[in-house]
Amino acid sequence: MDEIPELTALPEGGYRPTDPKRTLVALIGNLHLHFPQTADVGGRGYYRKLVETQGLWDNVPISEVSDEDPLDWRESPLRLSQTNRQFYTQLDETIGSLGFTPEKMGAKYLSLTSLEGEAWDKEFVAFYLPIYVALRRKGYSPKDLSE
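Under numbering that gives the first Met the number 0, the first residue of the sequence shown carries the number 0, and numbering increases by one thereafter.
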């Protein structure tokens, strides 16, 4: 896989094209689960629903990694300093700055459900990569965005 210029200069090492487990789809991971998965404005992503239903909006995450974990698979200092509410506000502001609305996020997710294999990979990466890159540039780690 060719090097991805937008990802090489990102915090905590960025993208490593030589690692076969780090394809772009794997790198972006479960980022989409933070965003609406239906086209209606009230739709919430799976992770956001968990925060909401468990009443964890004002909680700050606790790091669950050890010093042996790779640097790019640890929570960022930015994420560890934010409540869940602040984190999701930042995600919403970021997608807004890129021209996306919750409705567009949900509609795109729904359109992806009809695709499979390489077609799904291509559309998934094309849509979510700019969001992922923008959030990494703000200081979030891969772990912050995938869990």
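Built from N, CA and C at the ideal position, the CB exists for glycine as well.
None of the values given here were measured: they were computed from a predicted structure.
| Asked | Found |
| --- | --- |
| Throw me the rounded Cβ distance for the Asn83 and Leu114 pair, which I believe falls under 8 Å. | Not confirmed; about 31 Å, so no contact. |
| Between the alpha carbons of Tyr139 and Pro129, how many angstroms are there, rounded? | 14 Å |
| Using 8 Å for Cβ pairs, my map puts His33 next to Leu90. What's the rounded Cβ distance? | 6 Å |
| Using the rule of at least 16 other Cβ atoms within 10 Å of the residue's Cβ for burial, across every protein chain shown, is Lys142 buried or exposed? | buried |
| Would you tell me roughly how many angstroms separate the C-alpha atoms of Glu92 and Tyr46, rounded to the nearest one? | 17 Å |
| Between Arg78 and Pro60, which are expected to be in contact by the criterion C-beta below 8 Å, what is the C-beta distance as a whole number of angstroms? | 6 Å |
| What are the boundary residues of the alpha helix (DSSP H) that includes Gln89? | Asn83 to Ser96 |
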